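Have a look at the structure below before the remarks.
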Amino acid sequence: MSVLPQRPHCTARLTALAAALCVVAALAADASHTAAAQARLEAEYTITVSGIPVARGNWVVDITEDQYTAAASGKTTGLLRLFSGAHATSASHGTFNGGRPVPMSYASDIDYDRRIDDVRMVLAGGNVKDFSVVPAVPPTPDRIPVSEADRRGVVDPMTSTIDRVGGTGDPVSPAACNRTISVFDGRVRYDLRSEFKRMERVKADKGYVGPAVVCAVYFIPISGYVPDRALIKYLIALHDAEVWLAPISGTRVVVPFRFSMPTPLGPGVLQATRFVSIPQPARRAAMTKTQ
1 MSVLPQRPHC TARLTALAAA LCVVAALAAD ASHTAAAQAR LEAEYTITVS GIPVARGNWV
61 VDITEDQYTA AASGKTTGLL RLFSGAHATS ASHGTFNGGR PVPMSYASDI DYDRRIDDVR
121 MVLAGGNVKD FSVVPAVPPT PDRIPVSEAD RRGVVDPMTS TIDRVGGTGD PVSPAACNRT
181 ISVFDGRVRY DLRSEFKRME RVKADKGYVG PAVVCAVYFI PISGYVPDRA LIKYLIALHD
241 AEVWLAPISG TRVVVPFRFS MPTPLGPGVL QATRFVSIPQ PARRAAMTKT Q
């Protein structure tokens, strides 16, 4: 799960679109602290453009009372694989502080056409302490530089998809929307703002059946980007992106079940086909604390 704006040299690849679908879907995790059960989400997704499958992937999220771990992998499929046999992996680990996920580490690798894109980050208290990107950001006079301040109070792209909703009511509610989150992907610093739109009912081929809250999502670049790039202009002007959030059962955490946005090639859709929550013993959290 990497970010499309950080790779302007490969915007023609629909694998980058697949990454964008997952990242732009992210919402803020700005909730008050509540006691949380332990659970594991095992999910599988397909990505289509104009109804044509272009990629598929899986996502595993482990939630304990005070920590989370998320890992994803994906690859191109169908006709797209004839043009770009890309494979991507991404992982993040962190803690819950005051109900909010606070990342400690993040890694993303994309292998496409015998080229590697690699991002590594170490964070503490919402601040980036160390990071590396390969290939490095090329020097461009028009690029808005990322300052030290831009790397404070941020989350990584993977963590931005994990939203623990505060309160005691149903977490699948408008409260899961209406948020803004600050994201740094190693190259670009941006905000993702969401607004409540409506409620829907979803059904995975295997697993979850029930309500989902639908949020509008808006991309706001802050730094690390070139303002005149067509892709940046497109994302800024985009007003039809939607994320559908469903719960990890037994917790107050909601994550993307579906994401859709218009693309120059037609509607782009990321859709869960498998969305299975597995309760975990309470001792899992206790064991983690002692390690």
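FYI, in the working numbering the residues of the sequence shown are 1 to 291.
Ideal placement from N, C-alpha and C gives every residue a C-beta, glycine not left out.
Since this is a predicted model, take the numbers as computed values, not measurements.
Here Ser50 has Leu265, Gly266 and Pro267 as same chain residues with Cβ atoms under 8 Å from its own Cβ, once five neighbours each way along the sequence are excluded. For Asn58 and Pro256, the gap between their C-alpha atoms comes out near 13 Å. Contact between Ala241 and Val254 is ruled out by a C-beta separation of about 17 Å, above the 8 Å threshold. Beta-carbon to beta-carbon, Arg189 and Ile222 are separated by about 4 Å, close enough to satisfy the 8 Å threshold.
By the criterion of a C-beta distance shorter than 8 Å, Ser73 is surrounded in its chain by Gly57, Asn58, His87, Ala88, Thr89 and Ser90, once the five residues flanking it on both sides are discounted.
For Glu44, the CB contacts under 6 Å within the same chain, skipping 5 residues up- and downstream, are Asn58, Thr273 and Arg274 in chain order.
Residue nearest to Gly98 within the set Asp66, Ile116, Asp62 and Ser92 is Asp66 (criterion: CA-CA distance).
Every beta strand (DSSP E) of 3 residues or more that sits fully in the segment 130-195 is shown, in chain order, as 179-184.
Following the DSSP letters along the chain, one finds Tyr106 inside the beta strand (DSSP E) bounded by residues Arg100 to Tyr112. Sequence-distant Cβ neighbours of Arg187 in its own chain, meaning closer than 7 Å and more than five residues away, are Gln6, Val133, Val137 and Gly224. Per DSSP, Ala88 lies in no alpha helix (DSSP H); the unbroken beta strand (DSSP E) holding it starts and ends at His87 to Asn97. Beyond the five residues adjoining it in sequence on each side, Glu195 comes within less than 7 Å, by CB distance, of Cys177, Asn178, Cys215 and Ala216 in the same chain, given in chain order.
Excluding residues up to 5 positions away in sequence, Val128 and Phe184 lie with their Cβ nearer than 6 Å to the Cβ of Arg151 in the same chain. For Ile278, the enclosing beta strand (DSSP E) covers residues Gly266 to Pro279.
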